[in-house]
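Per our numbering: the sequence shown ends with 171, consecutive numbering throughout.
Each residue gets a CB set at the ideal place from its N, CA and C atoms; glycine is no exception.
For reference, the structure discussed in these notes is given below.
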Amino acid sequence: MNQCCIGKFRITIHDQDAYLQLVRDLSQRHGVHIILFDADQMAGRAHAESAIAHAFRAFEQGHQISNSVEMEALLYAAGSRQCIQGARFGVHPGMNRTYLCICPPNQEVWEEIQKSGEDCSDEDWELFSDEKISLLKGIFGITEEEIAIVGTGRLQDLVLERVALLEVYR
């Protein structure tokens, strides 16, 4: 996997197209990949790490579905081959809690993006509320039977399994 820095970041987006263009411009100017995962759709930091690792591996092996590492990472995060599903795991208009990923790490890019939002590194995003557990189960098709066997404490593992299965379904 390419080396990436991953941080927790909050931003309010008024114009999604303009913000994504700003991110693309910054990415091109510095020769980095910038991936913004919607943390509310993610099963923690490990989910972002896994999606990024699978995306870079797909590009290295020439098995990618999309035209960019960024979209490929979103597809893996969603566990789907459909770009419309992958896009749901990116940022959206309004308030966003995001896992901000910069590959390879670049302090100047990090500081530039941080100007548009708020660093949330002190917040614990690894604890899942009942609402988030229900959301993740729905998104990833995790059954009550699976939860009964492994427990809600292993929900993240079940999601990561779904992410990994995308490689099998290519």
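So, E168 versus A59, is the Cβ gap smaller than 9 Å? Residue numbering aside, residue 168 sits at position 167 when the sequence shown is read from its first letter. Residue numbering aside, residue 59 sits at position 58 when the sequence shown is read from its first letter. Note that the C-beta distance between E168 and A59 is below 9 Å.
Closer than 7 Å by C-beta to H34: which residues in its own chain qualify, once you throw out the five before and the five after it? Chain order, please. Here residue 34 corresponds to residue number 33 of the sequence shown, with the count starting at 1. Excluding residues within five positions, the ones whose Cβ falls inside 7 Å are S28, V70, E71, C104.
Where does M43 sit, in a helix, a strand or coil, going by DSSP? Stepping through the sequence shown from its first residue, residue 43 is reached at position 42. Collapsing the DSSP output to three states places M43 in coil.
I'd like the ranges of any alpha helix (DSSP H) spanning at least 4 consecutive residues and lying wholly in the region 67-102. If one requires a minimum length of 4 residues, the alpha helix (DSSP H) runs lying completely within the region 67-102 are 70-79, 84-88, in chain order.
In the DSSP assignment, what residue or residues form a beta bridge with G8? As a position in the sequence shown, residue 8 is number 7, starting the count at 1. Beta-bridge annotation (DSSP): G8 is paired with L101.
Could you tell me which of Q115, E73, Q83 sits nearest to R98, measuring between CA atoms? Locating residue 98 in the sequence shown gives position 97, counting from the first residue. Relative to R98, the option among Q115, E73, Q83 whose CA is nearest is Q115.
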